[in-house]
Each structure stands twice: as C-alpha cells, then as structure tokens.
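Asks:
Residue numbers (the numbering used here): 11 to 197.
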C-alpha cells in the first residue's frame, strides 16, 4: 500500500510522504488565500471556503487566521462560524453540524503520533475522525483530540481539552473535559 492508501484505510502512515504532503500544501495555499481576503467581502470569502472545504451549508463564516491540513475532509452544516485563529487538522474527516460556533484559538485535530520513539522517528501518524453535532458552542482555547464525537446542544467551556465523546445536552469543561451540568434543549 502507498502511504496515502494507508492513511485512507486508517492505518499508521508516513506523514512526510510526497502524496500526503501534497494534500497539505494545497490546503496551505487556499488558507493563505482565505486569510488574505478582506473580512468584509463575504461573497469572496464564501467562495474560497467552498473551494477549501469538502462541503459547507448555508452561511459559512471563517475568520482569519484559519489553518487546516487538507480542507476537503472538513464538512460543515448551515450557519457555521470559526472565529479567529482556529486550526482544524483534518487528515481524516471532521464533520460539523448546523449552528456551530467555534471561538478563537481552538484546535480540532484528527492526527496523533505513536508513543514509540522509534515510530515517531519514522514520521508515523495515526488518525481518527471527529464528529460535532448541531447547536454546539466551542469556547476559546479548546482542544479536541482525535476520534471524539460531540453530541447536539453541547457547550465546551473555554480552555477544555476534549479527550472522549460528549453526549447531547451537556456543558463540559476542564482538562480533561468533564461534565459540568446537563443543558435544556429549547429548540
């Protein structure tokens, strides 16, 4: 198997492989273009977002500085907002529902590396997709780790590190993120 085939199969892969790296370089170019576009030029920015992302619903807003690893693995629903300095490392799929707001300085990452130093010296990456439901607010400086699923009507408190799945109608916070309280769903 090629390294790209290994990546797509969910296996360990060499993240320095030229085919894998080409995906990142394309995303870097489109992120630079998006970040350089006037924030008040909504039509131009939306056009770039649609070129960069795998799919986007109505009214996607992504403010600078935005960075991602692939772009095509990002799928967002209607009324998506990524505020300033959001990074989505979408080596594999990041699926985000409708009415999701991501606050500044948030990291969503689908990639990790082995605990083995021998494997890290070989530039090995390991991945797991991330799913985020509808009506989610992710606070500032949050980190969401590979393989996490976040339910509907969830708030992640500022500074949290999300290491495991979060059920619907929940407020989570802390390091690692833990349940703070259950939320009412009023929609």
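Backbone N, C-alpha and C define an ideal beta-carbon position, used for all residues, glycine too.
#1: Where residue 47 and residue 55 are concerned, what is the direct C-alpha to C-alpha distance, given to the nearest angstrom?
#2: What does residue 180 pair with, by DSSP beta-bridge criteria?
#3: Confirm the yes/no value for this check: CB of residue 86, any heavy atom of the ligand MN, distance under 7 Å.
#4: Round the Cβ separation of residue 175 and residue 158 to the nearest angstrom and send it over; I've been treating them as touching at under 8 Å.
#5: Report the residue from 195, 168, 112, 82 whose alpha carbon sits nearest the alpha carbon of residue 95.
#6: From the DSSP output, read off the bridge partner residues of residue 47.
#7: Excluding the 5 residues flanking residue 22 on each side, which residues of the same chain have their C-beta closer than 8 Å to its C-beta?
#8: Tell me where the beta strand (DSSP E) around residue 155 begins and ends.
#9: Compare the C-alpha of residue 172 against each of 76, 196, 119, 37 and name the closest.
#10: May I have the straight-line CA-CA distance separating residue 32 from residue 14, to the nearest angstrom?
#11: Can you name, in chain order, every residue of its own chain whose Cβ lies under 6 Å from the Cβ of residue 77, other than the five neighbours on each side?
#12: Assuming residue 62 and residue 79 make a contact with CB atoms under 8 Å, what is their CB distance in whole Å?
#13: In the DSSP assignment, the alpha helix (DSSP H) including residue 17 goes from what residue to what residue?
#14: Using the C-alpha atoms, what's the distance from residue 49 back to residue 57?
#15: Grab me the residues of residue 149's own chain with a C-beta within less than 6 Å of its C-beta, minus the 5 sequence neighbours each way, in chain order.
#16: From residue 91 to residue 12, what does the alpha carbon distance come to, in whole angstroms?
#17: Where does residue 31 sit, in a helix, a strand or coil, going by DSSP?
#18: Between residue 162 and the rest of its own chain, which residues show a CB-CB distance below 8 Å, the 5 nearest in sequence each way excluded?
#19: If we call anything under 8 Å between Cβ atoms a contact, is residue 82 one with residue 64?
Replies: Concretely, from the data shown:
#1: Between residue 47 and residue 55, the C-alpha separation is close to 7 Å.
#2: In the DSSP output, where bridge partners are listed per residue, residue 180 has 164, 192.
#3: The ligand MN is not among the ligands present in this structure, which contains no ligands whatsoever.
#4: About 6 Å separates the two Cβ atoms, so the contact holds.
#5: For residue 95, the closest alpha carbon among the candidates 195, 168, 112, 82 is that of 112.
#6: Partner(s): none; residue 47 has no beta bridge.
#7: Here the set comprises 16, 124, 129, 134, 135, 136.
#8: Where residue 155 is concerned, there is no enclosing beta strand (DSSP E), given that its DSSP letter is neither H nor E.
#9: Of 76, 196, 119, 37, the residue nearest in Cα terms is 119.
#10: Going by the C-alpha atoms only, they are around 10 Å apart.
#11: Cβ neighbours of residue 77 beyond the five flanking positions: 41, 97.
#12: Not really, about 11 Å apart at Cβ, beyond 8 Å.
#13: Counting along the chain, the alpha helix (DSSP H) containing residue 17 begins and ends at 13 to 18.
#14: Spanning the two alpha carbons is a distance of roughly 13 Å.
#15: Closer than 6 Å at Cβ, skipping near neighbours: 113, 166, 167, 168.
#16: So the two alpha carbons sit approximately 36 Å from each other.
#17: Secondary structure at residue 31: helix, using DSSP grouped into helix, strand and coil.
#18: Non-local C-beta neighbours of residue 162 in its own chain, meaning closer than 8 Å and more than five positions away in sequence, comprise 107, 143, 144, 145, 146, 178, 179, 195, ordered along the chain.
#19: Taking 8 Å as the Cβ cut-off, residue 82 and residue 64 qualify as a contacting pair.
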